[in-house]
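J.: Submitted below is the structure of interest, expressed as structure tokens.
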Amino acid sequence: MPKLGVNIDHVATLRQARQEFEPDPIEAAQIVENAGADSIVAHLREDARHINKKDIENLKKSLRTRFNLEMSMDPAIVKIAIKIKPDQATLVPEKRNELTTEGGLDVIGQFQKIKRVTQELQAKKIEVSLFIDPIKSHIKKTKESGIDIIELHTGKYANAKKKEAQDKELKKITAAAQYAHSLGMTVSAGHGLKYDNVSPIAKISEIEELNIGHSIIARSIFVGLGSAVKEMNHIINH
Ligand code: PXP
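Mapping the sequence shown onto my numbering, position 63 (from 1) lands on 65, and the numbers just tick up by one.
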């Protein structure tokens, strides 16, 4: 059964709508942990549009599970990560105008930069994961850059409108997970996963963790955050 990492960015999105103090992402993280999540994920974007530096500091101090910081390779962000030392840093591509992360990292084109940033982070005992598309050559290159953890981008699967297109993406994700596993890598997956599309991904035995944010936070408005996490965990585990 895959573990569940819950991305709490959108608790901060709601807070920033008023630029006040509630809802507090730290309190949200505690509820999420108490409801059985295995890790907390937060993305410190360069424009700090939701999670900010103070949140990251407070998460590091208060979390009881694992802290997975999503981040770009921007030098200012890398500096913050090195200071705060999350358990894991997941490197993601970032564009200012995107609503959310749009694709996996360009491991081939950015190989040298990825290698350098990875070494900086690993030297501080921060585990590094790359958010990549389910493509064999990208997995191979990730391994070559000294990284043993990947998060497969499930966005295309999640956004597929027709069953055939979704099945095609599922096959790609399955093959990518099997290939990475055969190289001894730890495989997680995420992006766009919801209560009604997560099951086929959760059934891929090589995937060890699913990172899910928006759908859980959205559902929490109706059923409460703890219940929203438990419902997702129930689906993943059955
Ligand atoms: N994994 C990564 C690397 C992401 O960038 C995001 C979005 O911040 C997620 C998982 C969670 O995606 P969603 O909010 O669509 O569940």
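Built from N, CA and C at the ideal position, the CB exists for glycine as well.
#1: Which one of K174, L212 and F69 has the shortest CA to CA distance from A191?
#2: For G194, which residues of its own chain have a beta-carbon under 7 Å away from its beta-carbon, when the five flanking residues on both sides are left out?
#3: When burial is assigned at 16 or more other CB atoms within 10 Å of the CB, is R66 buried or exposed?
#4: Between the beta-carbon of V130 and the beta-carbon of A91, is there less than 9 Å?
#5: Could you compute how far the alpha carbon of P77 sits from the alpha carbon of A83?
#6: At 3 residues or longer, what runs of the beta strand (DSSP E) sit wholly inside the region 106-149?
#7: With C-beta atoms as the reference, is D135 less than 9 Å away from G106?
#8: In this structure, does DSSP put F69 in helix, strand or coil?
#9: What is the DSSP secondary structure of K173, counted as helix, strand or coil?
#10: By the DSSP assignment, the alpha helix (DSSP H) with G157 in it spans what residues?
#11: Is the region 115-125 touching the region 45-56 in the sense that three or more CB pairs, one from each, lie closer than 8 Å?
#12: For ligand 1, is there any heavy atom lying closer than 8 Å to the beta carbon of S207?
#13: Here's the rule: buried if 16 or more other CB atoms are within 10 angstroms of the residue's CB, otherwise exposed. What is K143?
#14: Using only alpha-carbon positions, find the residue among P27, L227 and V200 that is nearest to N239.
#15: Are H12 and G215 closer than 9 Å when you measure CB to CB?
#16: On the DSSP letters alone, give me the boundaries of the alpha helix (DSSP H) that N60 sits inside.
#17: Once DSSP output is grouped into helix, strand and coil, what is the label at A44?
#18: Across which residues does DSSP place E153 in a beta bridge pair?
#19: Ordered along the chain, which non-local residues of its own chain (more than five positions away) have a Cβ less than 6 Å from that of K138?
T.: Well, looking at it:
#1: L212
#2: T156, G157, A160 and N161
#3: exposed
#4: yes
#5: 10 Å
#6: 129-134
#7: yes
#8: strand
#9: helix
#10: G157 to N161
#11: no
#12: no
#13: buried
#14: V200
#15: yes
#16: K55 to S64
#17: strand
#18: F133 and S190
#19: Y181
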